[in-house]
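Start counting the sequence shown at 37; every next residue gets the next number (our numbering).
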Amino acid sequence: MAVFKFVVSDKKTSYQVEKDQNECVAVIGKTIGDKINGEILGLNGYELHITGGSDVDGFPMKHDIIGIGRKRLNIKKGTGMKQKHPGLRRRKSLRGNTISEKIAQINCKVTKEGSQKLDEILGKKETTKDEEKE
37 MAVFKFVVSD KKTSYQVEKD QNECVAVIGK TIGDKINGEI LGLNGYELHI TGGSDVDGFP
97 MKHDIIGIGR KRLNIKKGTG MKQKHPGLRR RKSLRGNTIS EKIAQINCKV TKEGSQKLDE
157 ILGKKETTKD EEKE
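What follows is the structure in structure tokens.
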């Protein structure tokens with residue numbers, strides 16, 4: 037089954053959470069800039085703001101493109117473009133701003149914190165030296 041990879045960022049660190057698309061049906065149809073409830077990811081009391089993402093082929097989402105489709109735009113700077121020389125323009129494929137089943141990664145930032153810290157809920161598992169050797 038397809039999986040959404042959520043990248044949740046607070047001011048200092050970011051955490052990755054993977055969820056089945058069947059569990060996150062409420063996210064499908066949301067656009068960049070919308071707010072979602074953190075309970076979808078097990079973050080009780082948190083509110084998340086969608087800031088972007090990318091599709092299964094790696095093309096980034098752009099907030100200017102309305103819909104779920106992929107478009108080829110002639111861009112000079114911004115999302116999906118690293119400008120090497122001043123004035124350089126490139127034709128790039130970019131995904132629309134609406135989340136669909138084709139989206140693989142969703143970037144979010146925390147707008148409202150809950151009672152527990154993110155580090156406690158999504159913190160990294162500490163490994164011992166024996167586990168690192170295996």
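Each residue gets a CB set at the ideal place from its N, CA and C atoms; glycine is no exception. Because the structure is a prediction, the values reported are computed rather than measured.
Tell me the DSSP secondary structure of residue i in three-state form.
i: I192; result: Because the chain here runs from 37 to 170, residue 192 falls outside it and cannot be looked at.
i: I64; result: coil
i: I171; result: Absent from the structure is residue 171, since the part of the chain shown begins at 37 and ends at 170.
i: D70; result: coil
i: L77; result: helix
i: L158; result: helix
Our contact map puts residue i next to residue j with C-beta atoms below 8 Å; I'd like the distance itself, whole angstroms only.
i: R126; j: D91; result: That belief does not hold up - the Cβ atoms of R126 and D91 are roughly 19 Å apart, past 8 Å.
i: V43; j: N143; result: 5 Å
i: K128; j: I111; result: 6 Å
Apart from the five residues just before and just after residue i, which ones in its own chain have a Cβ nearer than 8 Å to its Cβ?
i: I171; result: Examination of residue 171 is not possible in this model, given that the chain is present from 37 through 170 alone.
Among the options, whose alpha-carbon lies nearest the alpha-carbon of residue i?
i: I76; options: G94, D56 and G65; result: D56
i: T67; options: M97, I111, K112 and K120; result: M97
i: G65; options: S50, K47, K128 and E137; result: E137
i: S151; options: G78, D70, A62 and K48; result: G78
i: N73; options: T147, K41, Q52 and E156; result: T147
Please return the same chain residues whose Cβ sits closer than 6 Å to the Cβ of residue i, not counting the five positions on each side in sequence.
i: T87; result: N143 and K145
i: T115; result: P96 and K98
i: I104; result: G132, T134 and S136
i: G89; result: M97, I139, Q141, I142 and N143
Provide the residue(s) that pair with residue i in DSSP beta bridges, ordered along the chain.
i: D91; result: I139
i: D56; result: V39
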